[in-house]
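Participant:
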Amino acid sequence: MNHRLKAVVLVTAAVSLGGCMTVPTGPSVLVLPGPGKTFDQFQTDNAVCRQFARMQTGGATASQTANESMLKSAGVGALLGGALGAALGEGRGAAIGAASGAALGTAVGSSNGTVRGLSVQQRYDYAYEQCMYAKGNRIPVAGRFQGPRRHHRGYYPPPPPPGAARRHEHYPPPPPGGDNGD
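The opening residue of the sequence shown carries number -11 in the working numbering; numbering runs sequentially from there.
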């Protein structure tokens, strides 16, 4: 009975913690009203684009996707753990296996759910940004401020020695029969 109680407590804690995931249900990006747009026009665009983005993600929010993934993994883990426990030992082995499988499945499902939830959020954000941009709103982008450029003097080689400079200053005469005006 002691092992069973520990397993039940472990599974309950894992499911409870996994259900506490909070992922935003709206856009997680900044969009600013376009030039000449009133705030009322911006709010209308916002409502239309939120609906568009929700349709692009299949109507599921990021938190719904994450929680569904976690619960499915917990169920699969419990089934596999119960089957393995039953194969190794009678009733007690099945109970321990099911509890262990549910706990492990919940942990794995929680991790997978987080990744899937973030993927849904990213697709939502992309669709929202595209819609808001198409409606004439501004999307701030990360950039780097560059101040005024300072004139930087590079390295100049030293002048040639005095004898070498004279050789280059002397140019040969033009070839004979050149242009003499005829």
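Using N, Cα and C, we set each Cβ at its ideal position, and we do this for glycine too.
For F40, I'd like the list of residues in its chain whose CB is within less than 7 Å of its CB, leaving aside the five on either flank, ordered along the chain.
Facilitator: The residues are A115 and C119.
Participant: Let me confirm a value: D33 is counted as buried when at least 16 other C-beta atoms fall within 10 Å, else exposed. Which label applies?
Facilitator: Buried.
Participant: Mind the definition here: the stretch 117 to 131 touches the stretch 21 to 38 only if three or more C-beta pairs lie below 8 Å; say whether that holds.
Facilitator: Touching, yes.
Participant: Whose C-beta lies closer than 6 Å to the C-beta of Q44 among residues of the same chain, with five residues either side of it excluded?
Facilitator: Excluding positions up to five away in sequence, the list reads A115.
Participant: If you reduce the DSSP assignment to three classes, tell me which class R126 lands in.
Facilitator: R126: strand per DSSP, three-state reduction.
Participant: Counting only the same chain and skipping the five closest in sequence on each side, list residues whose C-beta sits under 7 Å from that of G14.
Facilitator: The residues are R38.
Participant: So the alpha helix (DSSP H) T32 belongs to, where does it begin and stop?
Facilitator: That run of the alpha helix (DSSP H) goes F27 to Q44.
Participant: Would you list the one or two residues that DSSP bridges to L20?
Facilitator: Paired residue(s): R126.
Participant: Can you tell me which of Y159, P164 and V36 puts its alpha carbon nearest to the alpha carbon of A122?
Facilitator: Considering only alpha carbons, the answer is V36.
Participant: Compute the Euclidean distance between the alpha carbons of L18 and S107, then round it to the nearest angstrom.
Facilitator: Using only the alpha carbons, I get a separation of about 18 Å.
Participant: Evaluate Y112 with the Cβ neighbour count: other Cβ atoms within 10 Å of its Cβ, from every protein chain shown; 16 or more gives buried, anything less gives exposed.
Facilitator: Under this definition Y112 is a buried residue.
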